[in-house]
Amino acid sequence: EDGEILMRGRNIMRGYFGLSEATAEVIDKEGYFHTGDIGELDKDGYLKITDRKKDLIKTSGGKYIAPQSIEGALKTASQLLSQVVVIGDRRKYVSVLVTVAEAEAKKLSGASSYAEATRSPAVRQAVQEAIDRVNATLPSYETIKRFTILDRDFSQETGELTPTLKVKRKLATQKFTKEIDAMYEGESVD
């Protein structure tokens, strides 16, 4: 249903020694080990891991979305995008928080500060164009309907990035609840 990779066979563990509850959490009644990874088979039959199950977003319509693949596609679509956080858990549609690369944004906008550059119509248009390119490749329930460009980039110092520069999704969504709520005011985007 959600694309989780399941495995079964003699080469897979029987369970955690002495931990029957922990075993029941990862091995189902049919003997399948639930890996916690989300994947898909490519056209040649190779398994491609696309996300972690714990990171999946389930929309209010019941559709599962792998945010990391959308975020990666957006960052690949434009050098302007620095960080992207997909929002949509229990929401009607998908939206994104975006931070932009400072040098690119200043160059594009002619602004002297990061915050000023994020308010530039040229920067906003470039972000929209990147989103449009990615949306063209996505199923309709995964398409991004709204976005917010944050007035500062994420960093380790402010806590949104790990030491390996991955976004701490939960913390970012907690810090920017006002911006997220604003993207869902009036809800209507069909």
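Last residue of the sequence shown: 190 in this note's numbering, with the numbers rising by one and none dropped.
The C-beta atom is built at its ideal place from N, Cα and C for all residues, glycine as well.
With 7 Å set as the bound, which would you pick, yes or no: does the beta-carbon of residue i sit closer than that to a beta-carbon of chain D?
i   : result
I87 : In summary, chain D is missing from the structure at hand, where a single protein chain is found.
At what residues does the alpha helix (DSSP H) containing residue i begin and finish?
i    : result
V123 : 121-135
K107 : 102-109
T191 : Here the chain covers residues 1 to 190 and nothing more, so residue 191 does not appear.
E116 : 114-118
With respect to the beta strand (DSSP E) encompassing residue i, which residues constitute its N-terminal and C-terminal limits?
i    : result
T173 : No beta strand (DSSP E) holds T173; the alpha helix (DSSP H) holding it covers 169-175.
K75  : Taken as a continuous stretch (DSSP letters only), K75 belongs to no beta strand (DSSP E), being part of the alpha helix (DSSP H) at 67-77.
E40  : 33-41
E4   : 4-7
T148 : 144-149
S82  : 81-87
Does residue i pass the burial test, meaning 16 or more other C-beta atoms within 10 Å, or should it be called exposed?
i    : result
G31  : exposed
L97  : buried
M13  : exposed
S95  : buried
G88  : buried
S140 : exposed
A172 : buried
Can you tell me which of the options puts its alpha carbon nearest to the alpha carbon of residue i?
i    : options               : result
T99  : D181, K178, S155, G45 : S155
I27  : G39, T143, M7, D42    : M7
F147 : A105, T162, V85       : V85
S69  : K106, I5, T137        : T137
T76  : A101, L56, R90        : A101
G3   : A24, D37, F33, T23    : D37
Return the Cβ separation of residue i and residue j in integer angstroms, given the expectation that the two are a contact with Cβ distance under 8 Å.
i    : j    : result
R218 : I149 : Limits of the chain in this structure are 1 at one end and 190 at the other, which puts residue 218 out of reach.
A73  : V134 : 5 Å
Taking three-plus beta-carbon pairs below 8 Å as touching, is the region 54-73 in contact with the region 99-114? no
Taking contact to mean at least 3 C-beta pairs separated by less than 8 Å, is the region 13-24 in contact with the region 67-86? The region 13-24 is not in contact with the region 67-86.
Are three or more beta carbon pairs between the region 35-46 and the region 125-136 nearer than 8 Å? no
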